[in-house]
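One structure below.
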Amino acid sequence: MNRLCGLPISLTSALFCCGLLNAAARGDSKERPSTYPVVTKISVSGLKHTDARVVLQFVEVQPGETAAGIDTETIHNNIARLRIFSEQRVTLSEISDGGACRRECELLISVKEKFSLYPVPVYVKYRDTEIGGAFLVESNLFGQNKGGVIGGLISNRGWQALAGYTDPHIGYSRFSTTMRYLTGRVFLEDATTTGLITRSYTLMRHDVQTATGYETRSHWFLGVLAGFRSAAVIDASDVKSAMNANLGVRFRYSGVVPHSFFQQGFESTLDLEQGVAVLGERLHVVSSATAWHYSPFKRQFLSVLYSFQWSEYPAALEQRLGGWQGTRTLPALLIPADRFTVAAVNYQYAVVSFPWATFAVLAFVDGGAFARDREAATYFWGPGGGMRMYLSQITIPALGIDVARDMISRQLQISFFFGYNLQ
């Protein structure tokens, strides 16, 4: 026995001391298994234009490291969120026989790329508004999962041009940025829920907005918003031109994953913005948008959407309701509002599918309230129905028709769009 262990200390201490020394003599106090599952190979197949780092950024192990911490489902979902692949599969298997991972394993990621560069024609028809145009969209710029869009619209109310860029993983980090520039000359009309026009004017818009921030591995995002909004009123004496520099913060959680022909999961965004007036009144905005998508049965999706905004806007920069989800019972883009709260419940059922597209029917209920300046709130709600066509290579509708009736104003609203849904 080691002499140190024979010192006149307590019996418990002596036994503990001897145990440590004996363990040291053996080299280890614990029985270790003879082998560990080890990742000896990581492979990616199916890439044609995409850099392999776009996919491998979600793999946290290197060849030679243990396979115990690999979660293939998490890797699959993160790759699916990129939305640049129509198919993705992640497997961890034994190299020798392709069975379950036991000793020497291969992590194999198989994908099928979507078309990343494509022209998108746009046609939108509301009761009082008709819009046409085209955009050139790149969703995988330089094979680095960066996005870009440029294009324009012409309507019976004027014209607009848009350019945008997004980098969801700057330098393969967890930082991202989005930039957008919108300009145009537009004829606007303010209306009531019954469609009665109360005011009209023409303005020239310039709008630059950016959002840059950091997203955690659990999909929480914190970012900084910055931008510049300008609206020069051309032919109205009672609407003043406005120009604001804005700065704010964005909080977001996104757990939405593409599923079948649509998507499922929960996401929510909260924006806080403060403006510095260069011309006219200043703005400040508190806004939020939340969505939950769920597939209760095969080929069916239930969506619950909610959004609100509490703000002070110069009249020329006010948000316009109507035609988008939650406000489909209102005259499209004719309702100005500083404050609103709207909700929508959608239920979709895929009636027929082809290799290139899925056709679904839609039933929905929209409702909410809105106000501007110090006016009393106006309420609305109503049911509706429609149709959607989802292209297999694009995750948003390519063709849609909505018919909705407001139960308070008793007005019927019909909208049709082809290409990207502008709202």
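In our numbering, the protein residues as written are 20 to 442. Glycine included, each C-beta is placed from N, C-alpha and C at the ideal position.
- For threonine 91, the uninterrupted alpha helix (DSSP H) segment begins and ends at 91 to 99.
- Excluding the 5 residues flanking it on each side, lysine 144 has same chain C-beta neighbours closer than 6 Å at Phe435, in chain order.
- Per the C-alpha coordinates, the member of Ala363, Phe270, Pro350 positioned closest to tryptophan 311 is Ala363.
- In the three-state reduction of the DSSP assignment, tyrosine 409 falls in the strand class, which pools E and B.
- Inter-segment contact for the region 316 to 325 and the region 232 to 239 is absent: fewer than three beta-carbon pairs are separated by less than 8 Å.
- For arginine 72, the enclosing alpha helix (DSSP H) stretches over residues 71 to 75.
- Beta-bridge annotation (DSSP): proline 140 is paired with Ala153.
- Counting the other CB atoms within 10 Å of its CB gives aspartate 257 a total below 16, which places it among the exposed residues.
- Approximately 4 Å separates the beta-carbon atoms of valine 109 and threonine 91; this is inside 8 Å, confirming the contact.
- Just so you know, the alpha carbons of methionine 406 and threonine 377 end up roughly 11 Å apart.
- About 3 Å separates the beta carbons of glycine 170 and phenylalanine 154, which is inside the 8 Å limit, making them a contact pair.
- Judged by beta-carbon spacing, alanine 423 lies beyond the 8 Å limit of glutamine 412, meaning their Cβ atoms are not closer than that value.
- By the C-beta criterion, the region 260 to 275 is judged to be in contact with the region 235 to 251, since at least 3 inter-stretch pairs fall below 8 Å.
- DSSP, reduced to helix, strand and coil, places leucine 381 within a strand of the structure shown.
- Here the alpha carbon of phenylalanine 161 sits roughly 11 Å from the alpha carbon of leucine 136.
- With a threshold of 16 other beta carbon atoms within 10 Å, glutamate 125 meets it and is buried.
- Inclusion of threonine 212 and glutamine 430 in the CB contact set at 8 Å is warranted, their separation being smaller than that value.
- Here lysine 133 is buried: its Cβ has 16 or more other Cβ atoms, across all protein chains shown, within 10 Å.
- Taking the Cα of tyrosine 325 as reference, the smallest distance to any Cα among His95, Val384, Arg199 is reached at Val384.
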